[in-house]
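Input: a single structure, listed below in structure tokens.
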Amino acid sequence: MPITLTPDTIEDLIGVMPKSDFDLATIVERGLPTSRLALLKDHGLTFTEVSEVVISPRTLKHRKARRERLSDQETDRLVRVARIVALADNVFGNPQKALKWLRTESARMGGRRPLSMLRTDAGGRLVESRLWQIDEGIFA
20 MPITLTPDTI EDLIGVMPKS DFDLATIVER GLPTSRLALL KDHGLTFTEV
70 SEVVISPRTL KHRKARRERL SDQETDRLVR VARIVALADN VFGNPQKALK
120 WLRTESARMG GRRPLSMLRT DAGGRLVESR LWQIDEGIFA
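In our numbering, the protein residues as written are 20 to 159.
Next comes the structure, spelled out in structure tokens:
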């Protein structure tokens with residue numbers, strides 16, 4: 020039976036709803052539990068995709084064994100991915116279409132996949148900008 024995905028919010032993808040930008044910054048600084056990565060997988064991202072952008076499998080294994088939270092940098096990447104995935108869901112109105120777009124190489128991104136660009140803040144901003152352009156009907 021295929022999984023039916025519905026557009027998610029950042030809360031659905033990180034397991035907590037920040038009340039403000041300050042609250043979100045505090046959440047990132049404290050780090051999220053490693054279990055929150057499963058929310059991205061539940062949304063349709065693969066283990067490989069999550070490990071490519073958020074945390075390496077080896078580091079994740081160590082964090083889980085030590086019962087540590089994600090670092091602030093890892094949490095920041097997790098939040099960035101969640102924010103962009105939620106935005107793509109909203110822009111395309113369909114999680115499957117959003118994931119397809121995030122996984123497809125783009126000439127406007129130097130032949131890279133938007134999802135792979137989310138490892139850095141600069142890449143995330145580029146992907147976010149492109150999504151806003153698509154939402155506004157700017158396809159050039």
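Positions of the beta carbon are idealized from the N, C-alpha and C atoms, including for glycine.
Inset, instruction - My understanding is that Val-69 touches Lys-60, with C-beta atoms under 8 Å, so please give their C-beta distance in whole angstroms. - result: Reading the sequence shown from its first residue, position 50 is the one you call residue 69. Reading the sequence shown from its first residue, position 41 is the one you call residue 60. Contact holds; Cβ gap of about 6 Å.
Inset, instruction - Would you mind listing the beta strand (DSSP E) stretches within the stretch 64 to 118 that are 3+ residues and don't spill past its ends, in chain order? - result: The beta strand (DSSP E) runs lying completely inside the stretch 64 to 118 and spanning 3 residues or more number zero.
Legend entry - Three-pair Cβ contact test at 8 Å for the stretch 39 to 59 versus the stretch 96 to 106: These segments touch.
Inset, instruction - With DSSP collapsed to three states, give me the class of Arg-138. - result: Position 119 of the sequence shown, counting from 1, holds the residue named residue 138. Residue state, collapsed to three classes: helix.
Legend entry - DSSP three-state assignment for Ser-125, whether helix, strand or coil: Taking the sequence shown and counting its residues from 1, the one referred to as residue 125 is at position 106. The answer is strand: DSSP assigns Ser-125 an E or B state.
Inset, instruction - In the DSSP assignment, find the unbroken alpha helix (DSSP H) run with Ile-46 in it and report its ends. - result: Counting from 1 along the sequence shown, the entry for residue 46 is found at position 27. That run of the alpha helix (DSSP H) goes 40 to 49.
Legend entry - Other residues of its chain near Ile-153: CB distance less than 7 Å, five sequence neighbours each side excluded: Here residue 153 refers to the residue found at position 134 when the sequence shown is read from its first residue. If we look at Ile-153 and ignore the five residues flanking it on each side, its Cβ neighbours are Val-110.
Inset, instruction - Please report the residue range of the alpha helix (DSSP H) in which Glu-30 lies. - result: By 1-based counting over the sequence shown, the position of residue 30 is 11. Taken as a continuous stretch (DSSP letters only), the alpha helix (DSSP H) holding Glu-30 covers 29 to 33.
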